[in-house]
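Numbering (the UniProt record's numbering), first residue to last: 1 to 517.
Just so you know, even glycine gets a beta-carbon here, dropped at the ideal spot from N, CA and C.
Given the structure is predicted, the values throughout are model-derived calculations rather than measurements.
Before any comments, here is the structure.
As structure tokens, this is what we get:
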């Protein structure tokens, strides 16, 4: 007892109890122990040690302890004692215990080793026919199921048609699934849609999952959209996760993005990630071509990017062969994981191919195809901006000069602006000088203002004075008025050396040359 008293961690006390052979010391410590896990270990150890001295303590624990865990352990320990007094206590638990788990523990252990199984089953079935209290009916059914076989099935079928108590129906489901076959499971399919009790529906899902057939999967897929309860929906999703096909992946993806039941999102996302890891690479690549859910394609691409050399080669091939342009917003960032020479050359090829494509000089109607094209350019240009070389600057600047679409010019300008080299900044000032789109004039001026406020003001004033188009002149004036007020330290401030280089380049270039950049 002194050793137990000197052990502060309950986990250590539990291990000490399991190793102690002195029943008297354990009984002496029992009133002082506050942790339920240790009291349960005390009850189990007393049952193993045996002896009449443990009987009264275990009887008190099985009825009076505040923890259901301890009560169950005490009931199991009483069964281990095997004395007539212990059997009497177990009978009392069967009749009066409030906790169903305690009653089940008492029932399971009371009849263990009995040679009169048929008589015991008949007695239990008789109780089941006449008992009106729900939990006692469930207990009687549980006891019958412990020792019965297929001879119970006719009674179970009859009960299934008439029984309404949820506890009893849960026991029925478990027994029908264990003792029956496909005919019994067929009873559960309509019940999954009609059963009012959430707990019974969960039991139905678990029972149906014991037969992992295509028909069972179809039942779950049809039940999920109509299921209103989060706990049952999660159970259905967990059950569907046993099938690794695209329909299940869609269900998992849709469940993550649904507005209902956000509490289960982390678990469902983990299921989806685990499922994707089991799909072969060739199958994921094939799905990319015809999967209508672009968001799910994004997950396919992320999964491929985590598969090392094999995934890398697949994604590089996809960049050159994939015809679904909406996927490039995911493919390009995925291959940028490596940023090596092969990736850079491939991106250069894509840029040249897109730059030579026959596109209208004016933006088309803003439809999905146009937006996808803008996305393609955005991610491609952003990727090239991370590879700063002379080629990147020259090609991006040349494209900015001739690009007809304002949204793409905005992306090109922003990428050059972020390069932060004197040549790139000078190219941005040249773009501001020739830009005709009102909102881009304001955006360009705002971004460049923090690098060289005086140059921006001078350039805008010069354009305003020279502009003959009244609409554009008004927009230039608006751009001047909307410039932010200078403050210290200014946002995105560059070093004095780079600022001086920019000013020197701008002074050396004549007006006509700036216009022609």
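- For residue 39, I'd like the list of residues in its chain whose CB is within less than 6 Å of its CB, leaving aside the five on either flank, ordered along the chain. Position 39 of the chain shown, counted from the first residue, corresponds to residue 39. Once the five neighbours on either side are set aside, the close Cβ partners of residue 39 are 33 and 70.
- With residue 191 as the anchor, note down where its alpha helix (DSSP H) starts and where it stops. On the chain shown, residue 191 is found 191 positions in, with the first residue counted as 1. Boundaries of the alpha helix (DSSP H) harbouring residue 191: 188-194, taken from the DSSP string.
- Item | Inter-residue spacing [alpha-carbon to alpha-carbon] between residue 177 and residue 210 | Taking the first residue of the chain shown as position 1, residue 177 is located at position 177. Taking the first residue of the chain shown as position 1, residue 210 is located at position 210. Computed Cα separation, rounded: 8 Å.
- Task: Would you decide whether residue 440 is buried or exposed? Buried here means 16 or more other CB atoms lie within 10 Å of its CB.
- Result: Working through the chain shown from its first residue, we reach residue 440 at position 440. Looking at its Cβ environment, which holds 16 or more other Cβ atoms inside 10 Å, residue 440 is buried.
- Just tell me which of 476, 469 and 472 has its CA closest to the CA of residue 457. Position 457 of the chain shown holds residue 457. For residue 457, the nearest C-alpha among the options comes from 476.
- Which class does residue 280 belong to by DSSP, given the choice of helix, strand or coil? As a position in the chain shown, residue 280 is number 280, starting the count at 1. Residue 280 falls in the coil class under three-state DSSP.
- Message: When you compare the region 298-307 with the region 330-343, are there three or more beta-carbon pairs, one atom per stretch, that lie closer than 8 Å?
- Response: yes
- Message: Count Cβ pairs between the region 45-64 and the region 75-90 that sit closer than 8 Å; are there 3 or more?
- Response: yes
- Query: For residue 448, which residues from the same chain have a beta carbon less than 8 Å from its beta carbon, with the 5 sequence-adjacent residues on both sides left out?
  - Reply: Residue 448 sits at position 448 when you count from the first residue of the chain shown. 417, 425, 428, 429, 432, 455 and 456, listed in sequence order.
- Message: Need the endpoints of the alpha helix (DSSP H) that residue 244 sits in, please.
- Response: Here residue 244 corresponds to residue number 244 of the chain shown, with the count starting at 1. Element bounds for residue 244: n/a, residue is neither H nor E.
- Task: Could you tell me how far apart the beta carbons of residue 201 and residue 248 are, in whole angstroms, since I believe they sit closer than 8 Å?
- Result: Taking the chain shown and counting its residues from 1, one reaches residue 201 at position 201. Taking the chain shown and counting its residues from 1, one reaches residue 248 at position 248. About 20 Å; that fails the 8 Å criterion.
- Item | Extent of the continuous alpha helix (DSSP H) to which residue 166 belongs | Within the chain shown, numbered from 1, the residue matching residue 166 stands at position 166. Per DSSP, residue 166 belongs to the alpha helix (DSSP H) from 166-179.
- What's the call for residue 5, buried or exposed, on a 16-neighbour Cβ count within 10 Å? Within the chain shown, residue 5 is the residue found at index 5, counting from 1. Classification for residue 5: exposed.
- State yes or no: is the C-beta of residue 268 within less than 8 Å of the C-beta of residue 301? Here the question's residue 268 lines up with position 268 in the chain shown. Here the question's residue 301 lines up with position 301 in the chain shown. The Cβ atoms of residue 268 and residue 301 do not sit closer than 8 Å to each other.
- Please name the residue, chosen from 393, 461, 450 and 322, that lies closest to residue 376 on a Cα-to-Cα basis. Reading the chain shown from its first residue, position 376 is the one you call residue 376. Selected option, being the one with the closest Cα: 322.
- If you run the structure through DSSP and keep just helix, strand and coil, what is residue 368? Along the chain shown, one-based indexing puts residue 368 at 368. Any answer about residue 368 is weak, because its pLDDT of 48 lies below 50 and its placement is not dependable; what the coordinates show is given next. If DSSP states are grouped into helix, strand and coil, residue 368 belongs with the helices.
- Can you name, in chain order, every residue of its own chain whose Cβ lies under 6 Å from the Cβ of residue 59, other than the five neighbours on each side? Here residue 59 is taken as the residue at index 59 of the chain shown, counted from 1. Excluding positions up to five away in sequence, the list reads 89.
- Message: Mapping the DSSP letters down to three states, classify residue 308 as helix, strand or coil.
- Response: For this step, residue 308 is matched to residue 308 along the chain shown. Under the three-state reduction of DSSP, residue 308 is assigned to helix.
- Apply the 10 Å Cβ neighbour rule to residue 8 and answer buried if 16 or more other Cβ atoms are within range, or exposed otherwise. Position 8 of the chain shown, counted from the first residue, corresponds to residue 8. Answer is exposed; the Cβ neighbour count stays below 16.
- Message: Taking the alpha helix (DSSP H) that residue 458 belongs to, which residues open and close that run?
- Response: Stepping through the chain shown from its first residue, residue 458 is reached at position 458. Note, residue 458: alpha helix (DSSP H), 453-466.
- Query: What residue range is occupied by the uninterrupted alpha helix (DSSP H) comprising residue 206?
  - Reply: If you number the chain shown from 1, residue 206 lands on position 206. Looking at the DSSP string, the run of the alpha helix (DSSP H) that includes residue 206 is 198-208.
- For my contact list, residue 384 and residue 396 are in at a C-beta cut-off of 8 Å; report their separation, rounded to the angstrom. Taking the chain shown and counting its residues from 1, the one referred to as residue 384 is at position 384. Taking the chain shown and counting its residues from 1, the one referred to as residue 396 is at position 396. Their Cβ separation, rounded to whole angstroms, is 7 Å, which keeps residue 384 and residue 396 in contact under 8 Å.
- So does the region 151-166 actually touch the region 175-192, counting three or more Cβ pairs closer than 8 Å? yes
- Helix, strand or coil for residue 116, going by three-state DSSP, please let me know. The residue you call residue 116 lines up with position 116 of the chain shown. Here residue 116 scores only 43 on pLDDT, less than 50, and its place in the model is too uncertain to base an answer on.
- Message: Can you check which of these residues, 179, 188 and 181, is closest to residue 161 by C-alpha distance?
- Response: As a first step, residue 161 is located in the chain shown; it is residue number 161 there, counting from the start. Nearest of 179, 188 and 181 to residue 161, Cα basis: 188.
- Might you give, ordered along the chain, the residues of its own chain that have their beta carbon closer than 6 Å to the beta carbon of residue 224, omitting 5 neighbours on each side? In the chain shown, counting from the first residue as 1, residue 224 sits at position 224. 236, listed in sequence order.
- Query: Ordered along the chain, which non-local residues of its own chain (more than five positions away) have a Cβ less than 6 Å from that of residue 36?
  - Reply: Within the chain shown, residue 36 is the residue found at index 36, counting from 1. Counting only Cβ-Cβ distances below 6 Å, and skipping sequence neighbours, we find 67, 69 and 70.
- Message: Tell me the DSSP secondary structure of residue 436 in three-state form.
- Response: For the purposes of this step, residue 436 is taken as the residue at position 436 of the chain shown. DSSP places residue 436 in coil when its eight states are reduced to three.
- Item | Nonlocal neighbours in the same chain, by C-beta distance under 8 Å from residue 278, ignoring five residues either side | On the chain shown, residue 278 is found 278 positions in, with the first residue counted as 1. So the qualifying residues of the chain are 244.
- Item | DSSP three-state assignment for residue 429, whether helix, strand or coil | As a first step, residue 429 is located in the chain shown; it is residue number 429 there, counting from the start. Shown here, residue 429 sits in a helix according to DSSP, grouped into three states.
- According to DSSP, is residue 34 helix, strand or coil? Working through the chain shown from its first residue, we reach residue 34 at position 34. Coil, per DSSP.
- Task: Can you grab the Cα-Cα spacing for the pair residue 230 / residue 450, in whole Å?
- Result: Translated into the one-based positions of the chain shown, residue 230 becomes position 230. Translated into the one-based positions of the chain shown, residue 450 becomes position 450. Cα to Cα, residue 230 sits roughly 52 Å from residue 450.
- Message: Within a Cβ cutoff of 6 Å, which residues of the same chain sit near residue 294, ignoring the five residues on either side of it in sequence?
- Response: Residue 294 sits at position 294 when you count from the first residue of the chain shown. Only 326 meet the Cβ criterion.
- In whole angstroms, what separates the C-alpha of residue 478 from that of residue 442? Taking the first residue of the chain shown as position 1, residue 478 is located at position 478. Taking the first residue of the chain shown as position 1, residue 442 is located at position 442. Cα to Cα, residue 478 sits roughly 8 Å from residue 442.
- Span of the alpha helix (DSSP H), counted from its first residue to its last, around residue 12: What you label residue 12 is simply residue 12 of the chain shown in a count that begins at 1. Unbroken alpha helix (DSSP H) run through residue 12: 10-19.
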